[in-house]
Amino acid sequence: MRPPADLRDRQHSPYRWVILAMVSLSGFVTMGFPIAGLSALLSEIAASLELDLIQIGVIWGVGMVMGIFTTFIGGSLIDHFGTRRSLVFMCLAAGVFGSLRGLAVDFWSLLLFSLLYGTLQPVLPLNFIKLNREWFASRQLGLAAGIMSLGFALGAMMGSGFSATLLSPLLGGWRAVLVAFGLSSIVMAVLWALLHPPVERRPGPGLDLRQLVIKARRVAGFRELQVIALAVFGAVGLMQGIVGYVPTYLRAIGWASVEADSAIPLFFFASLVGVAPISHLSDRLGSRRPVMIFGTSMMSLGALLMFFADGDYWTVMLAMTVGGLCFDSFMAMMGASITEARGLDMALVGSALGFGGMLQNLGGSLLPPLGNTLSVISLNAPFLLWAAAGVFATGALLSYRGRGRK
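For the sequence shown, the working numbering assigns the number 14 to the initial residue and increments by one for each residue that follows.
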């Protein structure tokens, strides 16, 4: 299958399915598997480098913190250089910086390499979302976003399950696994260079600080983008809090390690099952907003069930299923909705996604530790804060009555 001779006709070309397959594969290889894989390897890394719990938390959270500062700039660079050049460079650089983590000898060297990797890792998904918007019309964009998120979700589930138990013994330890993650990203850079058709670019103004400020003011002025960004702030904060706290909480109330560790994989499995059909539902409805509202409501309900579960096994499993069912579909709809915002030019899509990414990473960095501080009151109190974050996200979406898709 060949790319279309005229890229202006790409939304009608069969080659768009090749691009979508690459987007989903990239989400699996460069995002889902290595991020979840790192979480599974943290105990082995900590033992090797003699890290304490605080240092482990810093290494785990540094990417999201860096994303607060890099996503808008990265999104603007995607707009300026185009998705092809941005993807090739970012996959290549992320592969190199990600591999360097395998050479770390102590906390500080690991932190340095993680900071370098963290400047790029939060920006990579913005490329994938913009590519979907370039190659798919609104009538199929929900399905495309769902298939993209399917790659993320499948990678997260497999990365958390196989990185420590299979890959580490097979390759000889955590260092080799991190290097393998990096090399896989470099392979994706080569594939994008070969398969993404070159785009003739028109001369335009250079990208400097003044242009960044102008873009920031333009995208921040979109009421629709403000609402979506506030919603994703609450939803991602809820998810990060739940995923990080639940295993520790369940052990603290007396669950065995095997049972405690089974809760979060169920959360991700439910999300994996729901992502494609729920995302495609938005195409059938002609609107993303009802699907997003349903998603944030389900996440809030899951957190609330955890608050009232009191350690009951089946209630906890129900909470994880309910809370996880819509997460990846919500994230897919978030990206699609930003790219479809009324009046938003394609030349500003990356900047708009970066604006949403700032709030996403801020919520993911701020709300989990804020919830954890409530554990001194009661071990289940953090779930009440995260449920409130989901209600906040739902309220933000309800506050704006925008149009459906064209």
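The beta-carbon is built from N, C-alpha and C at its ideal position, and this holds for glycine as well. Bear in mind the structure is a predicted one, so any value in this text is a computation, not a measurement.
From the DSSP output, in three-state form, read off residue i for me.
| i | result |
| --- | --- |
| Phe-281 | helix |
| Tyr-28 | coil |
| Cys-104 | helix |
| Gly-417 | Low local confidence applies: a pLDDT of 48 at Gly-417 is under 50, so the model's placement there is unreliable, with the coordinate-based value given in what follows. Coil, per DSSP. |
| Glu-353 | coil |
| Pro-17 | coil |
| Val-200 | helix |
| Asn-385 | helix |
| Arg-302 | helix |
| Pro-260 | helix |
Residue j and residue i - do their beta-carbons sit closer together than 7 angstroms?
| i | j | result |
| --- | --- | --- |
| Ile-35 | Leu-294 | In the sequence under discussion, the amino acid at residue 35 is Met, which differs from the Ile named in the question. Taking 7 angstroms as the Cβ cut-off, Met-35 and Leu-294 do not qualify as a contacting pair. |
| Ala-49 | Ala-169 | yes |
| Gly-315 | Gly-336 | yes |
| Met-371 | Leu-338 | no |
| Leu-163 | Thr-43 | no |
| Gly-155 | Ser-292 | yes |
| Gly-376 | Gly-250 | yes |
| Leu-397 | Phe-321 | no |
| Gly-108 | Ile-199 | yes |
| Ala-248 | Phe-343 | yes |
| Ala-244 | Leu-410 | yes |
| Val-190 | Leu-204 | no |
| Thr-261 | Thr-407 | no |
| Pro-135 | Gly-80 | yes |
| Leu-144 | Thr-84 | no |
| Glu-57 | Trp-268 | no |
| Gly-384 | Gly-254 | yes |
Please name the residue, chosen from the options, that lies closest to residue i on a Cα-to-Cα basis.
| i | options | result |
| --- | --- | --- |
| Pro-211 | Phe-94, Gly-315 and Gly-87 | Phe-94 |
| Phe-110 | Ser-197, Ala-265 and Met-171 | Ser-197 |
| Ser-112 | Val-192, Arg-236 and Leu-144 | Val-192 |
| Leu-225 | Gly-70, Pro-27 and Asp-92 | Asp-92 |
| Gly-363 | Ile-306, Ile-32, Arg-146 and Arg-152 | Arg-146 |
| Gly-356 | Arg-231, Leu-285, Arg-223 and Thr-386 | Arg-231 |
| Val-286 | Ala-117, Phe-340 and Ser-52 | Phe-340 |
| Val-288 | Val-118, Val-304 and Asp-274 | Val-304 |
| Gly-172 | Pro-47, Met-347, Pro-381 and Tyr-258 | Pro-47 |
| Leu-51 | Ile-81, Thr-96, Thr-178 and Ser-151 | Thr-178 |
| Arg-297 | Ser-391, Ala-60, Ser-99 and Gln-153 | Gln-153 |
| Glu-63 | Ala-349, Asp-119, Ser-270 and Ile-255 | Asp-119 |
| Arg-414 | Leu-317, Gly-88 and Arg-302 | Arg-302 |
| Ala-354 | Gly-88, Leu-105, Phe-235 and Ile-86 | Phe-235 |
| Ala-345 | Leu-392, Ser-284, Thr-334 and Leu-105 | Ser-284 |
Beta-carbon within less than 7 angstroms of residue i's beta-carbon, same chain only, minus the 5 sequence neighbours each way: which residues are those?
| i | result |
| --- | --- |
| Phe-141 | Val-36, Ser-39, Gly-40 and Met-161 |
| Arg-29 | Arg-23, Trp-148 and Phe-149 |
| Ile-351 | Leu-238, Ile-241, Ala-365, Leu-366 and Gly-369 |
| Ser-388 | Ala-394 and Pro-395 |
Enumerate in chain order the residues of its own chain whose CB-to-CB distance from residue i is below 8 angstroms, with the five nearest sequence positions on each side excluded.
| i | result |
| --- | --- |
| Ala-458 | Since the first residue of the chain shown is 14 and the last is 419, residue 458 is not available in this structure. |
| Ser-127 | Ile-72, Val-75, Gly-76 and Arg-114 |
| Met-330 | Ala-276 and Leu-279 |
| Leu-55 | Ile-69, Ile-72 and Trp-73 |
| Asp-274 | Pro-260 |
| Leu-505 | Coverage of the chain is limited to positions 14 through 419, which leaves residue 505 absent and any answer about it impossible. |
| Leu-263 | Glu-272, Ala-273, Ala-276, Gly-324 and Val-329 |
Within its chain, find whatever has a CB closer than 6 angstroms to the CB of residue i; leave out the 5 residues flanking it on each side and keep chain order.
| i | result |
| --- | --- |
| Gly-417 | Any reading at Gly-417 must be qualified, since the residue scores a pLDDT of 48, below 50, and its modelled position is unreliable; no value is offered. |
| Gly-257 | Pro-381 |
| Leu-222 | none |
| Gln-373 | Val-245 and Val-249 |
| Gly-88 | Leu-139, Gly-363, Ser-364, Leu-366 and Gly-367 |
Given 6 angstroms as the limit, tell me if residue i has its C-beta closer than that to any heavy atom belonging to the ligand SAH.
| i | result |
| --- | --- |
| Leu-357 | The ligand SAH is absent from the structure shown, which contains no ligands of any kind. |
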